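Engineer: Here's a structure for you.
Residue numbers (the numbering used here), protein chains in the order written: chain A, 101 to 386; chain B, 101 to 386.
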C-alpha cells in the first residue's frame with residue numbers, strides 16, 4: 101500500500117467524516133448515471149491558513165451546473181459552512197483541490213440529493229507550468245452542435261466525464277502531456293479539464309461558449325477581467341491548430357493547475373513568451 | 101416516505117448487503133468521473149425461480165465495455181456467482197432489472213475496482229409495449245463521428261449517462277414517452293436506453309454500429325438471430341425520420357422493457373402491425 105494522498109472528506113448535513121467512509125448507496129444516480137455536477141477549485145495554504153481561490157465564482161458555476169441538470173439549487177451558505185469546516189480540518193502543506201459534488205441522489209428511495217466535498221493534495225504542477233505538449237483529439241461535435249440543444253449539457257460540469265478520462269489515456273499513448281479537443285469542423289475547443297487561452301494581436305482570446313459546449317473557465321474569466329483592467333482587449337474566437345504558430349502563444353488554463361503554456365501541439369512547436377505566461381499566471385493568482 | 105421499490109444489492113467479494121448500505125467512498129472514479137461501465141438485463145420469475153434473460157450475452161457486452169475503458173476484465177465466474185446469490189435473495193414477483201456495475205475504483209487509494217450489482221423491480225411496461233410516442237433529439241454527432249475515435253467511447257455502456265437522462269427530461273417536456281437520437285447529418289440512431297429496429301421490404305433493419313457510436317443491443321441481436329433462423333433477412337442501415345412512414349413499422353428495443361412499437365415520431369403517426377410486434381416480442385422472450 102503506497103502512502104495515500106492527503107484528503108479531507110465532508111458530507112452535507114454531517115460535516116467532516118473519515119476519508120474511507122462509504123457514503124453512496126448502490127443506486128445513487130450520480131454513480132449509476134453520472135447524473136450530477138461538480139466544481140473544482142484550488143486550495144492554498146497562506147500564513148498557515150488554508151483558503152480557496154475564487155470560491156464565489158466556483159459556487160456560482162456550480163449553481164449554474166445544478167440548474168442545467170434541474171437539480172435543486174445548492175444552498176450557498178450551507179456549502180460555505182461545509183467548505184470552512186473542511187478547510188479547518190485540512191492540515192497538509194502545498195496546493196490542493198477542493199471538489200464540490202452534487203447528485204440527484206438515490207433512484208429508488210426518497211433521500212433527496214447527495215452532496216459532499218473533498219479536499220485532496222494536488223500533484224506537483226511545476227513541470228506543467230513550464231510547458232506542456234498536447235495532442236489534438238476530435239470531440240466529435242461540430243463547433244455549433246450545442247446551440248438550441250440543452251439536453252446535450254454543453255458547458256455543464258457533470259459527473260459524466262468518462263470521455264475526458266479516456267482522452268487523457270489516449271494522449272498518454274501518443275506521448276503527449278495534455279489534450280486539446282477539436283470540433284468536427286476543425287476548431288480548437290478546450291482540454292478535458294482546462295480552458296484554452298490564446299494571445300494574438302495584443303489581445304487575449306478564448307473559445308466562445310455559445311454553441312460550442314465549452315465550459316466557462318473560472319480562471320480564464322479571472323485572467324480576462326485582470327487583462328481588461330490593464331487595458332488589454334479580450335475576445336472570443338475559434339482558432340484552428342494551424343493558426344497557433346502565428347500567434348504570441350497559447351495556454352491551457354485550469355483552476356487547479358494554473359496557466360500551462362502549450363509548447364507543442366501534435367508535434368508542432370508553438371511560440372512561447374515566458375513573460376506573458378508569468379503575467380497571466382500572476383493575474384490568476386499562481 | 102413512499103413504499104420503496106423492491107431491491108437487492110450485492111457487492112463483489114462481500115455478497116448480498118442491506119440495500120441502504122453505503123458502498124462507495126467519496127473519490128470513487130465511477131462516482132466522480134462516471135468512469136466505469138454497467139450492463140442491464142431483465143429478471144423474470146418462472147415457476148417460482150428468478151432468472152436472468154440472456155445473461156451470457158450481457159456478460160459478454162459488459163466485458164467489452166470494461167475492455168474499452170481499459171478496466172480489468174470482469175471475472176465471469178465471480179459475476180455469475182454474485183448474480184446467483186442475488187437471485188436467491190430476490191423474492192418479489194413480476195419483472196425486474198439486473199444491473200451490473202464496474203468502476204475504476206477510488207482515485208487516491210489502492211483499493212482497485214468497485215464491483216456491485218442491483219436487482220430492482222421494473223416499472224410496469226405494459227403501456228409502452230402497446231406503443232410509444234417518441235421525439236427526435238439531436239445527439240450532436242455525425243453518423244460517422246466515432247470511426248477511428250475510440251476515446252469517444254462509442255458503443256460503450258459507461259456510467260456517464262447524464263445526456264441520456266437529460267434527453268428523457270426533454271422528451272417529457274415535449275409530451276413524448278421516448279427519445280430517438282438523431283445524428284447531425286439527419287439519421288435516426290437509437291434511444292437513450294434502447295436500440296432501434298425497423299421492418300421494411302420483408303427484412304429487419306437496425307442502425308449500423310461502426311462509426312455511429314450506437315450501443316450493440318443484446319435484445320436486437322436475439323431478435324435478429326431468431327429472424328434469420330426463420331428465413332428473414334437482417335440488415336444494417338441508417339434511416340431518416342421521413343423514411344419511417346413508408347416502412348412496415350419501427351420499434352425501440354430494450355432488454356428490460358422489451359419491444360416498444362413506435363406509434364408516433366415528432367407527432368407523425370407511424371405504421372404499426374401488431375402481429376409483427378407480437379412476433380418480435382416473442383423472439384425476444386417478452
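Ideal Cβ placement from N, Cα and C applies to all residues, glycine included.
Note that the coordinates shown come from a computational prediction; the quantities given were computed from them, not determined experimentally.
Identify each residue in the region 242 to 267 of chain B for which the Cβ-Cβ distance to at least one residue of chain A is less than 9 Å, and report them in chain order.
Structural biologist: 242, 245, 246, 248, 249, 250, 251, 252, 253, 254, 256, 258, 259, 260, 261, 262, 263, 264, 265, 266, 267
Engineer: Residue 226 (chain A): buried (16+ other C-beta within 10 angstroms of its C-beta) or exposed?
Structural biologist: exposed
Engineer: Look up residue 295 (chain A) in the DSSP assignment and give the residues it is bridged to.
Structural biologist: A:353
Engineer: Flag residue 163 (chain B) as yes if its beta-carbon sits less than 7 Å from any beta-carbon of chain A, otherwise no.
Structural biologist: no
Engineer: Count the other CB atoms, across all protein chains shown, that sit within 10 Å of the CB of residue 223 (chain A); report buried if there are 16 or more and exposed otherwise.
Structural biologist: Exposed: under 16 other Cβ atoms inside 10 Å.
Engineer: Between the beta-carbon of residue 228 (chain A) and the beta-carbon of residue 123 (chain A), is there less than 7 Å?
Structural biologist: no
Engineer: Secondary structure at residue 320 (chain A), three-state DSSP: helix, strand or coil?
Structural biologist: Residue state, collapsed to three classes: helix.
Engineer: To the nearest angstrom, report how far apart residue 147 (chain B) and residue 194 (chain B) are at their CA atoms.
Structural biologist: 12 Å
Engineer: May I ask which residues mark the beginning and end of the alpha helix (DSSP H) holding residue 377 (chain B)?
Structural biologist: 374 to 384
Engineer: What number of angstroms, rounded off, separates the C-alpha of residue 101 (chain B) from the C-alpha of residue 211 (chain A)?
Structural biologist: Because residue 101 (chain B) carries a pLDDT of 46, less than 50, the predicted location of this residue cannot be relied on, and no value is offered for it.
Engineer: Would you say residue 380 (chain A) and residue 323 (chain A) are within 7 Å of each other, going by their C-beta atoms?
Structural biologist: yes
Engineer: With a Cβ-Cβ cutoff of 7 Å, do residue 111 (chain A) and residue 189 (chain A) count as a contact?
Structural biologist: In this structure, residue 189 (chain A) does not lie closer than 7 Å to residue 111 (chain A) by Cβ.
Engineer: From the beta carbon of residue 142 (chain B), is the nearest beta carbon of chain A less than 7 Å away?
Structural biologist: no
Engineer: Quick check for students: name the residue ranges of the beta strand (DSSP E) that lie wholly in the region 231 to 271 of chain B, counting only runs of 3 or more.
Structural biologist: 232 to 238
Engineer: Report buried or exposed for residue 342 (chain A), applying the criterion of at least 16 other Cβ atoms within 10 angstroms of its Cβ.
Structural biologist: exposed
Engineer: Assign residue 205 (chain A) to buried or exposed, taking buried as 16 or more other Cβ atoms, counted over all protein chains shown, within 10 Å of its Cβ.
Structural biologist: With 16 or more Cβ atoms within 10 Å of its Cβ, residue 205 (chain A) is classed as buried.
Engineer: Under the DSSP definition of a beta bridge, which residues are partnered with residue 182 (chain B)?
Structural biologist: Per DSSP, none; premise fails for residue 182 (chain B).
Engineer: Can you tell me which of A:354, A:153, A:200 puts its alpha carbon nearest to the alpha carbon of residue 175 (chain A)?
Structural biologist: It is A:200.
Engineer: Have a look at residue 237 (chain B) and residue 156 (chain B) and give me their C-alpha separation to the nearest angstrom.
Structural biologist: 32 Å
Engineer: Just to confirm, are residue 314 (chain A) and residue 289 (chain A) a CB contact at a threshold of 7 Å?
Structural biologist: yes
Engineer: Check whether the Cβ of residue 104 (chain B) lies closer than 7 Å to any Cβ atom in chain A.
Structural biologist: yes
Engineer: Could you tell me the distance, in whole angstroms, from the CA atom of residue 268 (chain B) to the CA atom of residue 303 (chain A)?
Structural biologist: 42 Å
Engineer: Using a Cβ-Cβ cutoff of less than 7 Å, which residues in the same chain neighbour residue 240 (chain A) once the five nearest sequence positions on both sides are dropped?
Structural biologist: 284
Engineer: Find the nearest neighbour of residue 207 (chain A) within the set B:154, B:382, B:119, B:275, judged by alpha-carbon distance.
Structural biologist: B:119
Engineer: Would the region 160 to 167 of chain B and the region 252 to 262 of chain A be scored as touching if the rule is three or more Cβ pairs under 8 Å?
Structural biologist: Between the region 160 to 167 of chain B and the region 252 to 262 of chain A there are fewer than three C-beta pairs closer than 8 Å, too few to call the two in contact.
Engineer: Pick out whichever of B:179, B:192, B:186, B:252 has its Cα sitting closest to the Cα of residue 104 (chain B).
Structural biologist: B:192
Engineer: Got a sec? Which residues, its chain only, sit under 7 Å from residue 255 (chain A) by beta carbon, not counting five neighbours each side?
Structural biologist: 309, 313, 314, 315, 316
Engineer: Is residue 214 (chain A) helix, strand or coil when you go by DSSP?
Structural biologist: In the structure shown, residue 214 (chain A) adopts extended strand secondary structure according to DSSP, grouped into three states.
Engineer: Who pairs with residue 198 (chain A) in a beta bridge, going by DSSP?
Structural biologist: Beta-bridge partners assigned by DSSP to residue 198 (chain A): A:141, A:219.
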